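Residue numbers for the sequence shown follow UniProt numbering, so the first one is 1 and each next one is one higher. We put the CB at the ideal spot given by N, CA and C, even for glycine. All values derive from a computational prediction rather than experimental measurement. The block underneath contains the structure these notes are about, expressed in structure tokens.
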Amino acid sequence: MSLVSAFAPLISAGIFGATLSSALACLVTAPKVFQCLCKDKLYPLIGFFGKGYGKKDEPLRGHLLTYVIAVCFVLIAVNWDSSVQARSYSIDLNQCVGLNQVEDL
């Protein structure tokens, strides 16, 4: 696609912008939906998150919960990613060392 575009970096910027927009929309709307679920008492033990603050009934508790969940997933991804990278580098290094031990015929 970048071969036929007039300005190739514009494609990357558009993809980045769309991804960021979707992520921010989820982080903003999820607490409001969760607050509505809590106010309707659909689940008995989560009524604590149904309280809103201010004129517009903003779900502050829901935003905090969303933040905590997002941070947990980021930390899990960072730890998982680093261990996967370390394993793949180790496997690659062992393969390279193994190739050096092959004798020429």
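So for residue i, helix, strand or coil by DSSP?
i, result
"Y67", "helix"
"S5", "coil"
Less than 8 angstroms separating the beta-carbons of residue i and residue j?
i, j, result
"A54", "Q35", "A small correction: the amino acid at residue 54 is Gly; Ala does not occupy that position in the sequence shown. Result no, Cβ atoms of G54 and Q35 do not sit closer than 8 angstroms."
"C86", "L27", "Note on identity: in this sequence residue 86 is Ala, with Cys being the wrong assignment. Not a contact, by the Cβ cut-off of 8 angstroms."
In its own chain, which residues sit with a C-beta less than 6 angstroms from the C-beta of residue i, not counting the 5 before and 5 after it?
i, result
"S5", "I11"
"G62", "P31, F34, Q35, F49"
Enumerate in chain order the residues of its own chain whose CB-to-CB distance from residue i is below 8 angstroms, with the five nearest sequence positions on each side excluded.
i, result
"L65", "P31, F34, F49"
"Y89", "none"
Among residues of its own chain, excluding the 5 on either side of residue i, which ones have a beta-carbon nearer than 7 angstroms to its beta-carbon?
i, result
"I46", "C38"
"L60", "Y53"
Problem set entry | Completely contained alpha helix (DSSP H) runs for the segment 9 to 82, where each covers 4 or more residues | 9 to 39
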